[in-house]
Amino acid sequence: EVTYNVLIHGLCERSRMEEAFELFSKMDGDDCTPTVRTYTILISALCGEGRTEEAFSLVDKMREKGCLPNVHTYTVLIDGLCKESRLEEAESILKEISVKGLVPSVITYNALIDGYCKKGKVDSAFSIMQMMESNGCQPNTRTYNELICGFCKATKAHRAMGLLNKMLENGITPNLITYNSLIDGMCKEGHIDNAFRMIDLMDSNGLVADVWTYSTLIDALCKDGRMEEAYSLFNSLGGRGIKANEVIYTALIDAECKAGHIGIACSLLEKMVSVGCEPNFCTYNAVLDGLSKESKMQDALSVMNEMEEKGVQADVITNTILISGMLKKGLIVDAKMIWDQMVSSGCKPDVFTYTTFIRAYCNIGKLDDAEKLITEMHKEGVHPDTVTYNTLIGGCTKMGLIDQAFHFLKCMMDAKCKPD
RNA sequence: GUGCAACCUAAUGGUGCA
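Residue numbering for the first sequence follows the working numbering, starting at -2 and increasing by one per position.
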């Protein structure tokens, strides 16, 4: 039975699910009974592939066979639900654990806390931490890191700092991730210089800034237009024993593109390749956006070919960038072609892609087509957001169709979308 | 004494703005 579990685990790790289930079904014939562990391995793998419903039916199946889920099993389920943004269900499983007389572990709580943080619901995450403390479960470094990151993403770096102090008081050791999150939070709130001071604080705690730290700082300098400082920090990396990675190059390339310096961006792209740093899809997307905004669609298409030759998969963002570029030149047919290619390659358009098209239809006065897209979005389960409605409303007002504009405002409210 | 759980941090795309 142990042998089976090890093998099944190995197959699942390589996402060879079919084979894993085949082995699983052979167990009985071999006089082996699957245990909670066997089921948990499979349930975890199913959740990891987004097959949550199958995971739940496996849970039912194990119960039928008289095998009860343990804390590990429940934790896997909570994690899976969180990854699908099904937070209420995740929290109800946490309750179920206690009802069944089991005790949730730190990992169980952390899974839920991370889920809430990733959804921007930091306050709910925070109350889970309070709940775990009152249940006698001590938050660990990871718990604090998730919350600190959550507060930073919610532009509440002050609350994050408060948590840093709390963890120090409680004797929980911050690590690089803790500080890197804080540095990012401070940068995003415009306090770049304070962020640099955090490096000293790290030093005094025996932590040495890493690539993540520097990429955060370099990106912040870039976005603030402080390119000279960004480059001098970039050039200092070698002396610190750090090798610039694709994230750092992408930050620089993006900034150069946005400043209209496509030539510099392209030479950075060449440079990174020559020093053995492989561009990834973000890098290419940054370049493509630069070219696209300058209406250099020919160049953009050849960069996209290069991307594919290198085996870098184009994603929704890549396609949206190209579609947007085509539409800005009025090339609706080409834009539609890219759309179709994207869909047939199994990549689904998202809110951004739809909104891009809606804007184009508004600009040429085809409000009915724009409205059709909204209907299609609902059908596809892609929810129009504030920007989508703003685009539509803006299109109406430009054409003097004030009543139409109010009509869409009403649609917006009906869809429980907040006007800004 | 061997097998199950949270991959916690950085870079890329859509509207409008005097």
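Cβ atoms here follow ideal geometry from the backbone N, Cα and C, with glycine treated the same way.
All figures in this text were calculated on a predicted structure; none of them were measured in a lab.
Requested in this report: For the stretch 366 to 383 and the stretch 327 to 342, state whether three or more C-beta atom pairs, one from each stretch, are separated by less than 8 Å.
Outcome: no
Query raised in the report: So, are the CB atoms of L319 and S299 less than 8 Å apart?
Result: no
Query raised in the report: What did DSSP end up calling A283 once you bin it into helix, strand or coil?
Result: helix
Report task. Identify the continuous alpha helix (DSSP H) that holds K163 and give its terminal residues. Result -> A154 to E166
Query raised in the report: Do C219 and Y246 have their CB atoms nearer than 8 Å?
Result: no
Query raised in the report: Which word fits S178, buried or exposed, when buried means at least 16 other C-beta atoms lie within 10 angstroms of its C-beta?
Result: buried
**Report entry** Same chain, Cβ closer than 7 Å to N282, neighbours up to 5 away in sequence not counted
**Finding:** I314, T315 and I318
Query raised in the report: Should A248 and S212 be called a contact, given that it needs their Cβ atoms to be closer than 8 Å?
Result: yes
Query - Cut-off 7 Å between Cβ atoms - residues of its own chain near M116, not counting five sequence neighbours on either side - result: It is Lys, not Met, that sits at residue 116 in the sequence shown. Within the same chain, K116 has close Cβ partners S82 and L84.
Query raised in the report: So, are the CB atoms of T0 and I40 less than 8 Å apart?
Result: no
Query raised in the report: What do you reckon, are the CB atoms on H375 and V348 nearer than 8 Å?
Result: no
Requested in this report: Just the C-alpha distance for P101 and T49, rounded to the nearest angstrom, thanks.
Outcome: 21 Å
Requested in this report: With C344 as the anchor, note down where its alpha helix (DSSP H) starts and where it stops.
Outcome: Looking at the DSSP string, C344 is not in any alpha helix (DSSP H), and its letter there is neither H nor E.
Report task. Have a look at E(-2) and M301 and give me their C-alpha separation to the nearest angstrom. Result -> 49 Å
Query raised in the report: What did DSSP end up calling Q127 once you bin it into helix, strand or coil?
Result: helix
Requested in this report: Starting from the Cα of A367, find the closest Cα among L389, D382, V384 and G159 and give me that residue.
Outcome: L389
Report task. Give me the Cα-Cα distance between C184 and L214, rounded to the nearest whole angstrom. Result -> 7 Å
Query - Buried or exposed (CB count within 10 angstroms, at least 16 for buried), D216 - result: buried
**Report entry** Contacts around D207, its chain only, beta-carbon distance under 8 Å, and the 5 residues preceding and following it disregarded
**Finding:** L173, N177 and I239
Requested in this report: Flag this pair as yes or no: are the beta carbons of S342 and G322 separated by less than 8 Å?
Outcome: no
Query raised in the report: Going along the chain, which residues of its own chain have a beta-carbon closer than 7 Å to the beta-carbon of A418, five neighbours each way excluded?
Result: Given that the chain is displayed from residue -2 to residue 417, the structure contains no residue 418 and the question cannot be resolved.
Report task. With DSSP collapsed to three states, give me the class of M301. Result -> helix
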